[in-house]
Amino acid sequence: MDEDLAEELRAAIGDFVRRVRLHDRMPRGQAAVLGHLDRTGPLSIADLARREHVKHQTMTRTVHLLHDRALVMLSPDEQDRRRQVVTITESGRRALDDERRHRASGIARAIRDDLDDDEREVVRRIPEILAKLRP
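Numbering (the working numbering), first residue to last: 254 to 388.
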């Protein structure tokens, strides 16, 4: 019973995330990097690669794409001048905020247009309930 519910929940959340991503304007990898930098502050390319579970060279490409758009700044690491530290810029923060607002407005529109009052009340409780789950 619990495992069946767990599988249904996993599949439903996965489907929901994929449907939301269909409307993303910023590539997922770039948004993830900006999100990490916004939440944690400056990180090395190696740290970003570990957090995103990608190869260093893949992260280097992503970071350079963001740098070319002035969404991040690169600077040498104080302890190891061979390493580069990546910092989100104000332009990067604005782009991330715009992307988050775009995603949230699409979800809000669907909640408003596609759900009845009872369903909206259930959805209102989902964040609190999911926060209790620690798989």
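Just so you know, even glycine gets a beta-carbon here, dropped at the ideal spot from N, CA and C. From a predicted model like this one, the values you see are computed outputs, not experimental measurements.
By alpha-carbon positions, which one of the options ends up nearest to residue i?
{"i": "V339", "options": "L290, V375, H309, R377", "result": "L290"}
{"i": "D351", "options": "R278, A259, D330", "result": "R278"}
{"i": "Q337", "options": "S328, D366, R377", "result": "S328"}
{"i": "R335", "options": "A299, R263, V376", "result": "A299"}
{"i": "H317", "options": "R303, I341, D333, G294", "result": "I341"}
{"i": "Q283", "options": "R356, L319, V270", "result": "L319"}
In the DSSP assignment, find the beta strand (DSSP E) that holds residue i and state where it starts and stops.
{"i": "P295", "result": "Here P295 belongs to no beta strand (DSSP E), and DSSP marks it neither H nor E."}
{"i": "V307", "result": "Where V307 is concerned, there is no enclosing beta strand (DSSP E), given that its DSSP letter is neither H nor E."}
{"i": "M279", "result": "Here M279 belongs to no beta strand (DSSP E), and DSSP marks it neither H nor E."}
{"i": "L327", "result": "325-329"}
Only counting the same chain, and skipping five residues up and downstream in sequence, which positions put a Cβ closer than 6 angstroms to that of residue i?
{"i": "L275", "result": "none"}
{"i": "A357", "result": "none"}
Determine the extent of the alpha helix (DSSP H) in which residue i is found, giving its start and end residues.
{"i": "P380", "result": "370-385"}
{"i": "L262", "result": "255-274"}
{"i": "L349", "result": "343-367"}
Contact check, residue i vs residue j under 8 angstroms by CB: the rounded distance?
{"i": "L301", "j": "M312", "result": "5 angstroms"}
{"i": "D321", "j": "S297", "result": "Not a contact, Cβ separation roughly 19 angstroms."}
{"i": "T315", "j": "V273", "result": "Their Cβ separation, rounded to whole angstroms, is 20 angstroms, which puts T315 and V273 out of contact at 8 angstroms."}
{"i": "I364", "j": "R373", "result": "6 angstroms"}
{"i": "L383", "j": "G288", "result": "Actually they are not in contact, since the Cβ atoms of L383 and G288 sit about 18 angstroms apart, beyond 8 angstroms."}
Taking all protein chains shown into account, do 16 or more other C-beta atoms lie within 10 angstroms of the C-beta of residue i, making it buried, or fewer, making it exposed?
{"i": "G393", "result": "Lying before the first or after the last residue shown, residue 393 is absent from the chain, which here runs from 254 to 388."}
{"i": "L386", "result": "exposed"}
{"i": "A264", "result": "exposed"}
Identify, in the order they occur along the chain, each residue of the same chain with its Cβ nearer than 7 angstroms to the Cβ of residue i, setting aside the five sequence neighbours on each side.
{"i": "I360", "result": "V273"}
{"i": "L368", "result": "V376"}
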